[in-house]
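Just so we're aligned, residue 1 is where the sequence shown starts under full-length UniProt numbering, counting upward by one.
Backbone N, C-alpha and C fix where the C-beta goes; we use that ideal spot for every residue, glycine too.
Bear in mind that the values here come from a model prediction, so they are computed numbers and not experimental data.
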Amino acid sequence: MSRAEIEMLRRRAARRIPSHVVDYVAATADGVAEAEAGRWDAVELRPTALRGGAGPTLATTVLGTSVDHPLLVAPMAQQVAAHPDGEAATGRAVASSGSLLGVSTNTAIPFARIAEQGAPWWFQTYVLAERELTYVLAERAASAGASAILLTVELTALRVPAHVEPVNWPEGRARARLANLTADERARIEGRPTTAPGLDEIARLREATGLPVVVKGVLRGDDARRAVDAGAAGVLVSTHGHRRMAGSVLVPDALCEVVDAVGADAEVYVDGGIRDGRHALAALALGARAVFVGRPVWWALAAGGAEGVGALLDGLAEELRTAMAQSGVSSADEAHALRLARVPRRQAPDSR
Ligand SMILES: Cc1cc2nc3c(=O)[nH]c(=O)nc-3n(C[C@H](O)[C@H](O)[C@H](O)COP(=O)(O)O)c2cc1C
Numbered sequence: 001m002s003r004a005e006i007e008m009l010r011r012r013a014a015r016r017i018p019s020h021v022v023d024y025v026a027a028t029a030d031g032v033a034e035a036e037a038g039r040w041d042a043v044e045l046r047p048t049a050l051r052g053g054a055g056p057t058l059a060t061t062v063l064g065t066s067v068d069h070p071l072l073v074a075p076m077a078q079q080v081a082a083h084p085d086g087e088a089a090t091g092r093a094v095a096s097s098g099s100l101l102g103v104s105t106n107t108a109i110p111f112a113r114i115a116e117q118g119a120p121w122w123f124q125t126y127v128l129a130e131r132e133l134t135y136v137l138a139e140r141a142a143s144a145g146a147s148a149i150l151l152t153v154e155l156t157a158l159r160v161p162a163h164v165e166p167v168n169w170p171e172g173r174a175r176a177r178l179a180n181l182t183a184d185e186r187a188r189i190e191g192r193p194t195t196a197p198g199l200d201e202i203a204r205l206r207e208a209t210g211l212p213v214v215v216k217g218v219l220r221g222d223d224a225r226r227a228v229d230a231g232a233a234g235v236l237v238s239t240h241g242h243r244r245m246a247g248s249v250l251v252p253d254a255l256c257e258v259v260d261a262v263g264a265d266a267e268v269y270v271d272g273g274i275r276d277g278r279h280a281l282a283a284l285a286l287g288a289r290a291v292f293v294g295r296p297v298w299w300a301l302a303a304g305g306a307e308g309v310g311a312l313l314d315g316l317a318e319e320l321r322t323a324m325a326q327s328g329v330s331s332a333d334e335a336h337a338l339r340l341a342r343v344p345r346r347q348a349p350d351s352r
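Encoded structure:
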């Protein structure tokens with residue numbers, strides 16, 4: 001799976017899906033496409049030699065769950081807009097590839113159907129305008145088999161299109177069409193947060209579900225440290241795929257700061273712009289335990305259904321294996337210990 005093949009997936013998806021949906025998926029805060037991918041391109045790898053050893057090992061664990069490789073699937077709303085089976089199709093591919101699935105608050109597929117596919121999954125939640133619903137939904141996900149909660153603390157101005165039906169809401173709300181609701185009701189149902197979550201949400205979600213909580217959207221070392229001290233089992237460095245705000249730090253830079261702040265006290269993951277095996281290796285070498293892939297999965301789902309997603313994940317994993325072999329390391333831990341990746345200073349935006 002090369003960058004050119006991912007670009008082909010995007011084009012094939014664009015031929016099959018209405019253009020307003022394709023635009024919603026591609027949207028970024030400043031209109032710049034693939035800024036994070038460009039930053040990963042700039043990360044330098046420092047290949048090592050003369051270490052002998054066996055071939056690369058990709059298998060690892062994330063919060064104790066075994067995965068065959070560290071390329072996981074980011075939670076994304078709108079998967080039914082890519083394919084009628086939505087996250088059920090994605091989940092099937094994730095199971096066959098030995099990966100892990102992030103499931104969005106705004107999924108339109110019932111949890112039980114996603115769980116049936118056999119992939120390990122983490123449930124992503126926002127702190128909802130009607131707070132109690134946050135815990136009801138998270139408990140529901142936990143009893144359906146989610147093995148962790150991804151608490152998204154990044155906000156984005158982008159809205160979920162009105163035809164997505166969040167079927168996992170408590171009865172009564174489940175069948176409500178978003179398009180037929182008042183603005184206030186829509187705010188509740190869409191999961192659009194109205195207040196910024198505080199640190200106490202980590203403990204509340206842990207207590208409500210009995211599951212470990214990973215905080216998604218952390219971009220600073222101090223915030224990562226506070227989250228871990230408040231009980232987070234992991235931190236996912238993310239700008240929501242460059243959708244959060246213009247002028248934000250890019251994820252490779254933020255990852256370094258977060259890894260330094262957290263040390264061995266929690267697992268650190270990253271998403272945003274991971275488009276090839278070399279990007280994934282750079283992330284692992286900078287200290288990520290695993291990476292999440294977003295839009296390419298959506299495009300693959302739209303272009304080729306579960307099979308398309310499976311081919312994407314397997315292809316990226318194979319590229320990661322090759323990149324590890326080429327750079328002389330046999331594991332992510334070794335890549336990190338040997339400081340295989342270096343992030344060059346970022347040029348001032350006006351000179352880019
Ligand atoms: C169409 C779309 C929908 C998304 N929906 C959610 C969501 O519901 N919850 C969430 O936490 N992140 C959401 N994200 C952000 C992704 O989880 C992830 O952070 C991002 O897509 C990673 O960047 P990438 O697309 O460049 O790989 C969404 C992203 C896209 C593109």
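Quiz item: So, is L50 buried or exposed, given that buried needs 16 or more other C-beta atoms within 10 angstroms?
Solution: Locating residue 50 in the sequence shown gives position 50, counting from the first residue. It counts as exposed.
Exercise. Please report the Cβ distance between residue 355 and Q117, rounded to the nearest whole angstrom; I am assuming they are in contact, meaning their Cβ atoms lie under 8 Å.
Key: The structure shown does not extend to residue 355, since the chain is modelled only from 1 through 352, so no value can be given for it.
Quiz item: Between A13 and the rest of its own chain, which residues show a CB-CB distance below 6 Å, the 5 nearest in sequence each way excluded?
Solution: In the sequence shown, counting from the first residue as 1, residue 13 sits at position 13. These residues qualify, in order along the chain: W299, A302 and A303.
Quiz item: Could you give the C-beta distance for S99 and L72, rounded to a whole number, given that I count them as a contact under 8 Å?
Solution: For the purposes of this step, residue 99 is taken as residue 99 along the sequence shown, with counting starting at 1. For the purposes of this step, residue 72 is taken as residue 72 along the sequence shown, with counting starting at 1. Between L72 and S99 the Cβ distance is about 6 Å, and since that is below 8 Å, they are a contact.
Quiz item: Can a CB atom of chain C be found closer than 8 Å to the CB of L301?
Solution: In the displayed structure, chain C is absent; only one protein chain is listed.
Practice problem: Measure the alpha-carbon distance for residue 382 versus R346 and round it to whole angstroms. | Solution: Shown here, the chain extends from 1 to 352; a query on residue 382 therefore has no answer.
Quiz prompt | Straight-line gap, P70 to V291 (C-alpha atoms, nearest Å) | solution = Locating residue 70 in the sequence shown gives position 70, counting from the first residue. Locating residue 291 in the sequence shown gives position 291, counting from the first residue. C-alpha separation (whole angstroms): 6 Å.
Quiz item: Would you call M8 buried or exposed, if buried means 16 or more other Cβ atoms sit within 10 Å of its Cβ?
Solution: Taking the sequence shown and counting its residues from 1, the one referred to as residue 8 is at position 8. Exposed, since its Cβ has fewer than 16 Cβ neighbours within 10 Å.
Quiz item: Just to confirm, are L286 and C256 a CB contact at a threshold of 8 Å?
Solution: The residue given as residue 286 occupies position 286 in the sequence shown. The residue given as residue 256 occupies position 256 in the sequence shown. In this structure, C256 lies closer than 8 Å to L286 by Cβ.
Practice problem: Run the proximity test for Y24: is its beta-carbon closer than 7 Å to any non-hydrogen atom belonging to ligand 1? | Solution: In the sequence shown, residue 24 corresponds to position 24, counting from 1. Yes, ligand 1 has a heavy atom inside 7 Å of this Cβ.
Quiz item: Starting from T125 and walking both ways along the beta strand (DSSP E), at which residues does that stretch end?
Solution: Position 125 of the sequence shown, counting from 1, holds the residue named residue 125. W121 to T125 is the extent of the beta strand (DSSP E) around T125.
Self-check item: alpha helix (DSSP H) runs contained entirely in the segment 260-332, provided each spans 4 or more residues
Solution: 277-285 and 295-326
Quiz item: Nearest CA to the CA of S327: which residue from G277, G294 and P296?
Solution: Against the sequence shown, residue 327 aligns to sequence position 327. Cα-wise, what sits closest to S327 is G277.
Practice problem: Identify, in the order they occur along the chain, each residue of the same chain with its Cβ nearer than 8 Å to the Cβ of T322, setting aside the five sequence neighbours on each side. | Solution: Position 322 of the sequence shown, counted from the start, is the residue given in the question as residue 322. If we look at T322 and ignore the five residues flanking it on each side, its Cβ neighbours are G277.
Practice problem: Pull every residue with its beta-carbon under 6 Å away from any heavy atom of ligand 1, and keep them in chain order. | Solution: V25, E36, A74, P75, M76, A77, Q78, S104, T105, N106, Q124, T152, K216, S238, H240, G241, D271, G272, G273, I274, V293, G294, R295 and W298
Self-check item: Boundaries of the alpha helix (DSSP H) in which G221 is found, first to last residue
Solution: To locate residue 221, count along the sequence shown from 1; it is residue 221. From DSSP, the alpha helix (DSSP H) with G221 extends over G221 to D229.
Self-check item: Those residues which DSSP pairs with L71 across a bridge
Solution: Stepping through the sequence shown from its first residue, residue 71 is reached at position 71. The partner list for L71 (beta bridge, DSSP) reads V291.
Quiz item: When the Cα atoms are used, what is the spatial distance from R3 to G38?
Solution: Taking the first residue of the sequence shown as 1, we reach residue 3 at position 3. Taking the first residue of the sequence shown as 1, we reach residue 38 at position 38. Answer to the nearest angstrom: the Cα atoms are 12 Å apart.
Quiz item: How many whole angstroms separate the CB atoms of Y269 and R244, which I take to be in contact at a CB cut-off of 8 Å?
Solution: On the sequence shown, residue 269 is found 269 positions in, with the first residue counted as 1. On the sequence shown, residue 244 is found 244 positions in, with the first residue counted as 1. Not confirmed; about 17 Å, so no contact.
Practice problem: Have a look at V259, E319, L250 and E267 and flag the residue whose alpha-carbon is nearest the alpha-carbon of R275. | Solution: Here residue 275 refers to the residue found at position 275 of the sequence shown. Taking only the C-alpha atoms, the option nearest R275 is E319.
Quiz prompt | Close beta carbons around P47, own chain, < 7 Å, minus the five adjacent residues each side | solution = Start at 1 with the first residue of the sequence shown, and residue 47 comes out as number 47. Excluding positions up to five away in sequence, the list reads Q326, S327 and G328.
Quiz item: Distance, Cα to Cα, R177 vs I109?
Solution: For this step, residue 177 is matched to residue 177 along the sequence shown. For this step, residue 109 is matched to residue 109 along the sequence shown. Low confidence applies here, because R177 scores a pLDDT of 36, under 50, leaving its location unreliable and the question unanswered by this model.
Quiz item: Quick one: what's got a C-beta closer than 8 Å to E5's C-beta in the same chain, skipping five residues either side?
Solution: Translated into the one-based positions of the sequence shown, residue 5 becomes position 5. The residues are G315.
Quiz item: Roughly how many whole angstroms lie between the Cα atoms of A208 and A148?
Solution: Within the sequence shown, numbered from 1, the residue matching residue 208 stands at position 208. Within the sequence shown, numbered from 1, the residue matching residue 148 stands at position 148. Straight-line Cα distance between these residues: approximately 12 Å.
Self-check item: Beta-ladder partner(s) of S66, from DSSP
Solution: Translated into the one-based positions of the sequence shown, residue 66 becomes position 66. Answer by DSSP bridge pairing, in chain order: T61.
Quiz item: Grouping DSSP H, G and I as helix and E and B as strand, with all else coil, what is S43?
Solution: As a first step, residue 43 must be located in the sequence shown, where it is residue number 43. Ser is not the amino acid found at residue 43; the sequence shown has Val there. Coil.
Quiz prompt | 6 Å CB neighbourhood of L250 in its chain, flanking five on each side removed | solution = Position 250 of the sequence shown, counted from the start, is the residue given in the question as residue 250. The answer, listed in chain order, is E36 and R39.
Quiz item: For R342, which of helix, strand or coil comes out of DSSP?
Solution: Reading the sequence shown from its first residue, position 342 is the one you call residue 342. In this structure, R342 counts as strand in the three-state DSSP scheme.
Quiz item: G38 by DSSP, collapsed to three states: which one?
Solution: Position 38 of the sequence shown, counting from 1, holds the residue named residue 38. Helix at G38.
Self-check item: V214: first and last residue of the uninterrupted beta strand (DSSP E) it sits in
Solution: Taking the first residue of the sequence shown as position 1, residue 214 is located at position 214. Run containing V214: V213 to V218, per the beta strand (DSSP E) assignment.
Quiz item: Under three-state DSSP, which class holds M1?
Solution: One-based indexing of the sequence shown puts residue 1 at position 1. It is coil, neither helix nor strand.
Exercise. Determine which residues share a DSSP beta bridge with A148 and list them.
Key: Against the sequence shown, residue 148 aligns to sequence position 148. In the DSSP output, where bridge partners are listed per residue, A148 has W122.
Exercise. With a threshold of 16 other CB atoms inside 10 Å of the CB of S97, please say whether the residue is buried or exposed.
Key: Walking along the sequence shown from the start, residue 97 turns up at place 97. Classification of S97: buried, given that the 10 Å Cβ count is 16 or more.
Quiz item: So V22 is in the alpha helix (DSSP H); what residue range does that whole segment cover?
Solution: The residue given as residue 22 occupies position 22 in the sequence shown. V22 -> alpha helix (DSSP H) spans S19 to A26.
Quiz item: Which residues in the same chain have their Cβ closer than 7 Å to the Cβ of G310, if we skip the five residues on either side of it in sequence?
Solution: Here residue 310 corresponds to residue number 310 of the sequence shown, with the count starting at 1. Hits under 7 Å: A93, S96 and S97.
Practice problem: For V249, write down the residues that DSSP places opposite it in a beta bridge. | Solution: Counting from 1 along the sequence shown, the entry for residue 249 is found at position 249. None; V249 has no bridge partner.
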